[in-house]
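Asker: Before anything else, here's the structure in question.
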Amino acid sequence: MSTDVTHGAGGSGAAAAAEEDLVLRTSDVTLRFGGLTVLDKVEMQMRRGEILAVIGPNGAGKTSFFNSLTGAYTPQEGRIAFLPKDGGERSLLGSKPHLVNRYGLARTFQNIRLFGALTALENVKIAAETRLKAGPVSIMLGLPSARKAERESDERSIRLLKFVGLQDKLNEVAGSLCYGDQRSLEIARALATEPQVLLLDEPAAGTNPTEKLELERLIRRINTEMGVSVLLIEHDMRLVMSVADRVMVLNFGKKIAEGTPSEVQQHPAVVEAYLGTSAADADAVRNIIAEQRSAPDEESTQ
């Protein structure tokens, strides 16, 4: 049975307010592959405008959870609901990935999936053109409405590349970019589909400390400047503790804790499951995490 970390303040009124402003909600999501249960009755409530991190050890079910949200996997049980800004509710359970994206969810992957032979600009334009308002006939005939839509697509793609810091690499082939730039390009491509929720699957994997700091700032800007809710899977605890409003912890496919970063990092079950140590060593591990959080980053020491 999972042990949720709850907030001490707030009553039914606060709960009702949170319920009214949800953007994603899952209940009893269960995913099995043969006799293996990968997700076991996972429940999540994601508030609109927040950064929610999903953490846990390898094999905890984090990416399977993302795949279930975005249509790559279809859980055998449970409900997955997306609540868009314009009201209503859409069930995502069993929806095709392209429909999930059209509804307003976009994602990146653990393993970068760019079109390596295309330029950075072309990679983003492919995604931006999924939102083109011109129809296929007007595009084939080269009508003014199609040309206008094409210009808008170009302008939006360039703005997004500038937003992620790739303004000087618009015409460079994606496969020739350094690893950190490829990560940024993948985020720009996801943003080009105009999502309400952006799902980032281990965006800091393989990046160096400088790139991690840039990623941290970028995630905050996506959230605050673009108003996009961010659902984040990440192993880098410093990044999680720095950017997340709340943290949900999975272990062996079950949710074992949920709360603010400070609440979760003090939970013995989280320390034991995620950091691979006994609950008796929790104080020592928390001290290490606290030291990492309080340590000045490279930018502040310059």
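If you're matching positions, the sequence shown starts at 459 in the working numbering and goes up one per residue.
Using N, Cα and C, we set each Cβ at its ideal position, and we do this for glycine too.
On the criterion of 16 or more Cβ atoms from any shown chain inside 10 Å, does A646 qualify as buried, or is it exposed?
Answerer: With 16 or more Cβ atoms within 10 Å of its Cβ, A646 is classed as buried.
Asker: Does V762 come out as helix, strand or coil in the three-state DSSP assignment?
Answerer: With the chain running from 459 to 760 in the structure shown, residue 762 is simply not present.
Asker: Quick one: using the 10 Å Cβ neighbour count with 16 as the cut-off for buried, is D659 buried or exposed?
Answerer: The residue is buried, with at least 16 neighbouring Cβ atoms inside 10 Å.
Asker: Could you tell me which uninterrupted beta strand (DSSP E) segments, each at least 3 residues in length, are contained entirely in the region 636-683, listed from first to last along the chain?
Answerer: DSSP runs (the beta strand (DSSP E)) wholly in the region 636-683: 655-659.
Asker: Have a look at G623 and G493 and give me their C-alpha separation to the nearest angstrom.
Answerer: One C-alpha to the other measures close to 46 Å.
Asker: Buried or exposed, going by whether 16 or more other CB atoms sit within 10 Å of the CB of Q723?
Answerer: Flag for Q723 reads buried.
Asker: To the nearest angstrom, report how far apart F491 and L671 are at their CA atoms.
Answerer: Cα-Cα distance, rounded: 37 Å.
Asker: Whose C-beta lies closer than 8 Å to the C-beta of V686 among residues of the same chain, with five residues either side of it excluded?
Answerer: Only L649, P653, Q654, V655, L656, I680 meet the Cβ criterion.
Asker: Compare the C-alpha of T484 against each of T566, R678, G536 and name the closest.
Answerer: If we check each option's Cα against that of T484, G536 comes out closest.
Asker: Identify which residue in I570, L550, F573 has its Cα closest to the Cα of G562.
Answerer: Closest by alpha carbon: L550.
Asker: Provide the residue span of the alpha helix (DSSP H) that contains F524, from first to last.
Answerer: That run of the alpha helix (DSSP H) goes 520-527.
Asker: Please classify K520 as buried or exposed, where buried requires at least 16 other C-beta atoms within 10 Å of its C-beta.
Answerer: Classification for K520: buried.
Asker: Assuming contact is defined by CB atoms lying nearer than 8 Å, are P719 and V698 in contact in what I supplied?
Answerer: It is a contact, given that the beta carbons lie within the stated cut-off.
Asker: Of all the options G717, S526, F710, which has the alpha carbon lying nearest to the alpha carbon of G517?
Answerer: Checked all of G717, S526, F710; the closest Cα to G517 is F710.
Asker: Rounding to the nearest angstrom, what Cα-Cα distance links Y552 and K499 in this structure?
Answerer: A small correction: the amino acid at residue 552 is Gly; Tyr does not occupy that position in the sequence shown. So the two alpha carbons sit approximately 16 Å from each other.
Asker: Who are the Cβ neighbours of R548 in its own chain at under 6 Å, not counting the five residues just before and after it?
Answerer: If we look at R548 and ignore the five residues flanking it on each side, its Cβ neighbours are F540, Y561.
Asker: Whole angstroms is fine: what's the gap from L635's alpha carbon to R571's?
Answerer: Using only the alpha carbons, I get a separation of about 13 Å.
Asker: Report the residue from L579, G529, L690 whose alpha carbon sits nearest the alpha carbon of R614.
Answerer: The shortest Cα separation from R614 among L579, G529, L690 belongs to L579.
Asker: Using only the alpha-carbon positions, how far apart do D544 and A715 sit?
Answerer: Rounded to whole angstroms, D544 to A715 spans 31 Å at the Cα level.
Asker: Distance check for P555 and S526, CA to CA, integer angstroms please.
Answerer: Approximately 10 Å between the Cα atoms of the pair.
Asker: Taking C-beta to C-beta, are I691 and V512 nearer than 8 Å?
Answerer: Yes; because the gap between Cβ atoms is below 8 Å, this pair is in contact.
Asker: Could you check which residue in L510, Q534, G507, Q503 has the C-alpha nearest to that of D489?
Answerer: According to the sequence as given, residue 489 is Leu; it is not Asp. For L489, the nearest C-alpha among the options comes from Q534.
Asker: Return the CA-CA distance between I432 and L708, expressed in angstroms with no decimal places.
Answerer: Residue numbering for the chain in the displayed model covers 459 to 760; residue 432 lies beyond these limits and cannot be assessed.
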